[in-house]
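Numbering of the sequence shown is given in this note's numbering, commencing with residue 215 and proceeding in unit increments. All C-beta atoms in this analysis are idealised placements derived from N, C-alpha and C, irrespective of residue type, glycine included. Have a look at the structure below before the remarks.
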Amino acid sequence: MRYLLFDSLDRSLLCRVSPSTLGARPFVALALLALVIAAAGCFSPRSNEEALPPLGGPEYSALMVSSDLAKGNNRLVFALVSRDNVPVSAQQAQVVARYTPSGSDVSEERATAEANFLPWPPEGSNRGVFVAALPFDVSGDATPANPGLWELDITATTAEGSTVETTTAVRVASSPSTPEVGAHAPLSVTPTADNVDDLSHITSALHPDPDLYRLSIHEALEEGKPLVVLFSTPAFCVSATCGPQLEILGQLKDRYGDQANFIHVEVFEDPHLIEGNRTGARQVPAVGEWGLPTEPWTFVVDREGRVSDKFEQFTPEDVLEEALKKVL
């Protein structure tokens, strides 16, 4: 299907995807690309007669999917992979956040969290991430403008009993680029079905639901109803989860459409004119107005127009439904 861009490609083609074609922040794009490629099985061919030298680096690595970590409470999302790019799955992972103040060589344990494993579509792909609620009490990304270093010590045990341990550094900003929980949602003017003769001009979904393009974000907020808005690009998604996320939005709309508004915003202008890949494609103004560094992003907004919850990357239906019920 169109929205499973990477999943539907021949694996030999997928293994040649270049990060330069991706529109996310570089470090996030590389993490997402590594996760997709690992699940697709992009490994070097070998034979019984040919022995490759052992790969260097740590035995396990964390791929940080969260791109907008900031001081305060955060929804932390990451994946684990082995040295030879095999995705690691486990029911849970333990996370210890350590902070090293500027000018110090000693790290301090500042927070702990339990991360639960969340499978990513398609079913059976062996893709998945770990999700945890984690607070950061100070900002820091080891730069002169924002000194201090945050590191995450991550430990997990696989179903086979193997112990996975890794450490990764993360950037923690003083404030998020996306709207903060509790802040008013931007009154963005987004494309609607009334603006075009064909929905393919405002969405890259293969079979778009007209109901999701009935209102602009600013119109929905003026109605005083709860709002669920999804920013995604089904045909050009780095993580190949934009389409499945859009399906979930449609299912919630079918169930709660009389109690809330539901909107899909295509990340790119004129998606019907994009050829090959997303290089050079223009983003719709709302992407900048909402400060989105990646896609997909889903926001749940209350009746007063304040952001109640926000979710980066794929989020299951039951999690979004629970967030929606809080504002109904």
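Answer yes or no: the CB of residue i versus the heavy atoms of the ligand ATP, is any distance below 8 angstroms?
i	result
residue 320	This structure lacks the ligand ATP; in fact it carries no ligand of any kind.
Over the uninterrupted alpha helix (DSSP H) stretch that includes residue i, give me the two end residues.
i	result
residue 537	531-539
residue 502	499-503
Can you give me the C-alpha to C-alpha distance between residue i and residue j, rounded to a whole angstrom?
i	j	result
residue 271	residue 297	7 angstroms
residue 372	residue 292	16 angstroms
residue 531	residue 346	17 angstroms
residue 284	residue 353	7 angstroms
residue 365	residue 382	6 angstroms
residue 396	residue 521	5 angstroms
residue 423	residue 399	24 angstroms
residue 524	residue 302	26 angstroms
residue 238	residue 529	Residue placement at residue 238 cannot be trusted, given a pLDDT of 45 that sits under 50; what the coordinates show is reported in the next sentence. About 18 angstroms.
residue 504	residue 478	14 angstroms
residue 378	residue 535	32 angstroms
residue 540	residue 474	12 angstroms
residue 470	residue 437	16 angstroms
residue 421	residue 411	15 angstroms
residue 461	residue 324	38 angstroms
residue 337	residue 457	14 angstroms
residue 351	residue 488	43 angstroms
residue 300	residue 519	43 angstroms
residue 329	residue 439	33 angstroms
residue 349	residue 467	32 angstroms
residue 510	residue 483	16 angstroms
residue 476	residue 526	17 angstroms
residue 490	residue 282	29 angstroms
residue 497	residue 459	19 angstroms
residue 427	residue 367	43 angstroms
residue 537	residue 472	17 angstroms
residue 288	residue 356	19 angstroms
residue 419	residue 486	10 angstroms
residue 185	residue 446	Past the boundaries of the shown model lies residue 185; the chain is included only from 215 to 542, so the question cannot be answered.
residue 449	residue 415	13 angstroms
residue 493	residue 517	37 angstroms
residue 417	residue 480	5 angstroms
residue 453	residue 341	10 angstroms
residue 326	residue 280	17 angstroms
residue 308	residue 278	15 angstroms
residue 404	residue 508	18 angstroms
My understanding is that residue i touches residue j, with C-beta atoms under 8 angstroms, so please give their C-beta distance in whole angstroms.
i	j	result
residue 533	residue 435	About 23 angstroms separates the two Cβ atoms, so there is no contact after all.
residue 316	residue 362	5 angstroms
residue 443	residue 431	6 angstroms
residue 274	residue 294	6 angstroms
residue 402	residue 500	4 angstroms
In the DSSP assignment, find the unbroken beta strand (DSSP E) run with residue i in it and report its ends.
i	result
residue 526	521-526
residue 332	322-333
Bridge partners of residue i, per DSSP?
i	result
residue 511	445 and 526
residue 296	274
residue 491	Looking at the DSSP assignment, residue 491 forms no beta bridge with any residue, so it has no partner.
residue 343	332
residue 307	329 and 370
residue 286	350
residue 485	For residue 485, which the question treats as bridged, DSSP gives no partner whatsoever.
residue 315	Paired residues: none, contrary to the question.
residue 291	345
- Item | Contained alpha helix (DSSP H) runs [length at least 4] in the segment 351-406, N- to C-terminal order | none
- Which full runs of the beta strand (DSSP E) of 3+ residues lie inside the segment 408-457, going along the chain? 441-446
- Just list the beta strand (DSSP E) runs in the segment 457-481, keeping only unbroken ones of 3 residues or longer that don't cross its boundaries, in chain order. 475-480
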